[in-house]
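Enquirer:
Numbering (our numbering), first residue to last: 27 to 146.
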């Protein structure tokens, strides 16, 4: 079975634009928060925080009042942000030439996120 990726140009209405903006912001926040956590963990203990640990913490964090806004974003997009971060760290340690993962900026960031779509 082959994997395929598709890119689509979309023309969202105002309500959809708001939803996308929220999702972009949440994905960036999740990525940056756990990048910071991974950096601190590595500096202190020379250990890595795995995707599984991050995903469990994110699920618990969504239940708190402070981070309730994460429930408004696509949950798969948030999980994919953690997967992308985990892959970036693995690539860095396998091939340091790829460079250390960087924080995502509001200004320099290409607004994008990944989600999974299964036929159906």
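Note that CB positions come from ideal geometry on N, CA and C, so glycine has one too.
Just to confirm my understanding: we take residue 68, look at its own chain, exclude 5 residues before and 5 after, and list those with CB closer than 8 Å. What are they?
Expert: Counting only Cβ-Cβ distances below 8 Å, and skipping sequence neighbours, we find 74.
Enquirer: Where do the ends of the alpha helix (DSSP H) carrying residue 44 lie?
Expert: Residues 40 to 71.
Enquirer: Counting pairs of beta carbons, one from the segment 81 to 92 and one from the segment 34 to 43, are three or more of them closer than 8 Å?
Expert: Contact fails: fewer than three Cβ-Cβ distances are below 8 Å.
Enquirer: Roughly how far, in whole angstroms, is the beta-carbon of residue 100 from the beta-carbon of residue 49, given that I think they are within contact range, below 8 Å?
Expert: About 5 Å; that satisfies the 8 Å criterion.
Enquirer: What did DSSP end up calling residue 30 once you bin it into helix, strand or coil?
Expert: In this structure, residue 30 counts as coil in the three-state DSSP scheme.
Enquirer: Can you tell me whether residue 94 is helix, strand or coil according to DSSP?
Expert: In this structure, residue 94 counts as helix in the three-state DSSP scheme.
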